[in-house]
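Just so you know, we're using my numbering here: the sequence shown kicks off at 39 and counts up by one. Glycine included, each C-beta is placed from N, C-alpha and C at the ideal position.
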Amino acid sequence: MNFDDQLHRYFGVRDVDALTPDALEAGLERMQVDFGLETDGRRRFALWSLMFLLGAAPDLDEAFEDPADRDAARDFMEMMERAEEE
(Lines of atoms letter the chains of each structure in order from A and count residues from 1; the text may use other names and numbers.)
(Lines give C-alpha, C1' and ligand atoms only; values in the text may rest on other atoms or scores of the structure.)
Protein backbone atom coordinates (compact mmCIF):
# COMPACT_ATOMS: atom_id res chain seq x y z
CA MET A 1 0.00 0.00 0.00
CA ASN A 2 1.45 3.28 -1.11
CA PHE A 3 0.73 6.22 1.22
CA ASP A 4 -0.11 8.65 -1.58
CA ASP A 5 -2.39 6.11 -3.25
CA GLN A 6 -4.24 5.53 0.02
CA LEU A 7 -4.68 9.25 0.55
CA HIS A 8 -6.14 9.53 -2.93
CA ARG A 9 -8.35 6.46 -2.51
CA TYR A 10 -9.90 7.54 0.77
CA PHE A 11 -9.66 11.32 0.69
CA GLY A 12 -9.39 12.31 -2.97
CA VAL A 13 -6.05 14.10 -2.48
CA ARG A 14 -2.41 13.08 -2.60
CA ASP A 15 -1.26 15.77 -0.17
CA VAL A 16 -2.37 15.40 3.45
CA ASP A 17 -2.14 19.19 3.88
CA ALA A 18 -4.87 19.59 1.25
CA LEU A 19 -7.43 17.66 3.32
CA THR A 20 -10.55 19.55 4.28
CA PRO A 21 -12.30 18.64 7.54
CA ASP A 22 -15.26 17.18 5.62
CA ALA A 23 -13.01 15.10 3.36
CA LEU A 24 -11.07 13.87 6.39
CA GLU A 25 -14.24 12.79 8.18
CA ALA A 26 -15.69 11.03 5.13
CA GLY A 27 -12.40 9.33 4.27
CA LEU A 28 -11.87 8.10 7.80
CA GLU A 29 -15.36 6.63 7.80
CA ARG A 30 -14.57 4.73 4.59
CA MET A 31 -11.26 3.56 6.03
CA GLN A 32 -12.93 2.27 9.18
CA VAL A 33 -15.41 0.27 7.10
CA ASP A 34 -12.63 -1.19 4.94
CA PHE A 35 -10.57 -1.94 8.04
CA GLY A 36 -13.46 -3.87 9.56
CA LEU A 37 -13.92 -5.90 6.37
CA GLU A 38 -10.24 -6.49 5.57
CA THR A 39 -8.99 -10.03 6.19
CA ASP A 40 -5.37 -9.65 5.02
CA GLY A 41 -3.22 -8.89 8.07
CA ARG A 42 -0.75 -6.69 6.21
CA ARG A 43 -3.47 -4.56 4.65
CA ARG A 44 -5.23 -4.27 8.02
CA PHE A 45 -1.98 -3.09 9.60
CA ALA A 46 -1.42 -0.55 6.81
CA LEU A 47 -4.95 0.81 7.23
CA TRP A 48 -4.57 0.95 11.00
CA SER A 49 -1.22 2.76 10.64
CA LEU A 50 -2.71 5.44 8.41
CA MET A 51 -5.68 5.85 10.75
CA PHE A 52 -3.20 6.16 13.63
CA LEU A 53 -1.29 8.89 11.82
CA LEU A 54 -4.57 10.73 11.29
CA GLY A 55 -5.62 10.32 14.93
CA ALA A 56 -8.48 7.89 14.31
CA ALA A 57 -7.10 4.38 14.87
CA PRO A 58 -9.11 1.92 16.93
CA ASP A 59 -7.60 0.65 20.18
CA LEU A 60 -5.06 -2.11 19.70
CA ASP A 61 -7.09 -4.71 21.59
CA GLU A 62 -10.05 -4.05 19.30
CA ALA A 63 -7.99 -3.79 16.12
CA PHE A 64 -5.77 -6.85 16.36
CA GLU A 65 -6.56 -10.31 17.68
CA ASP A 66 -2.99 -11.56 17.24
CA PRO A 67 -0.62 -10.45 20.03
CA ALA A 68 2.22 -10.17 17.49
CA ASP A 69 0.16 -7.68 15.48
CA ARG A 70 -0.53 -5.65 18.64
CA ASP A 71 3.19 -5.64 19.44
CA ALA A 72 4.00 -4.46 15.90
CA ALA A 73 1.44 -1.68 16.26
CA ARG A 74 2.95 -0.63 19.60
CA ASP A 75 6.38 -0.56 17.97
CA PHE A 76 4.97 1.64 15.20
CA MET A 77 3.42 3.99 17.75
CA GLU A 78 6.71 4.27 19.63
CA MET A 79 8.62 4.87 16.41
CA MET A 80 6.23 7.70 15.48
CA GLU A 81 6.56 9.24 18.96
CA ARG A 82 10.36 9.17 18.68
CA ALA A 83 10.19 10.77 15.23
CA GLU A 84 8.06 13.61 16.61
CA GLU A 85 10.59 14.25 19.38
CA GLU A 86 13.46 14.72 16.92
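Indicate the three-state DSSP secondary structure (helix, strand or coil) for residue i in the structure shown.
i	result
glycine 65	helix
proline 105	helix
proline 96	coil
glycine 50	coil
glutamate 124	coil
Taking the beta carbon of residue i as the centre, do at least 16 other beta carbons fall within 10 Å, making it buried, or is it exposed?
i	result
alanine 101	buried
methionine 179	Missing from the structure shown is residue 179; the chain here goes from 39 to 124 and no further.
leucine 88	buried
glycine 74	exposed
glutamate 93	Checking the displayed sequence, the identity of residue 93 turns out to be glycine instead of glutamate. Burial call: exposed.
leucine 85	buried
alanine 56	exposed
Have a look at residue i and residue j and give me their C-alpha separation to the nearest angstrom.
i	j	result
leucine 62	phenylalanine 49	6 Å
histidine 46	aspartate 104	29 Å
aspartate 107	valine 71	19 Å
methionine 115	phenylalanine 83	12 Å
Quick check: does the Cβ of residue i come within less than 6 Å of any heavy atom belonging to the ligand GDP?
i	result
alanine 94	What this structure holds is no ligand at all, so the ligand GDP is not there to describe.
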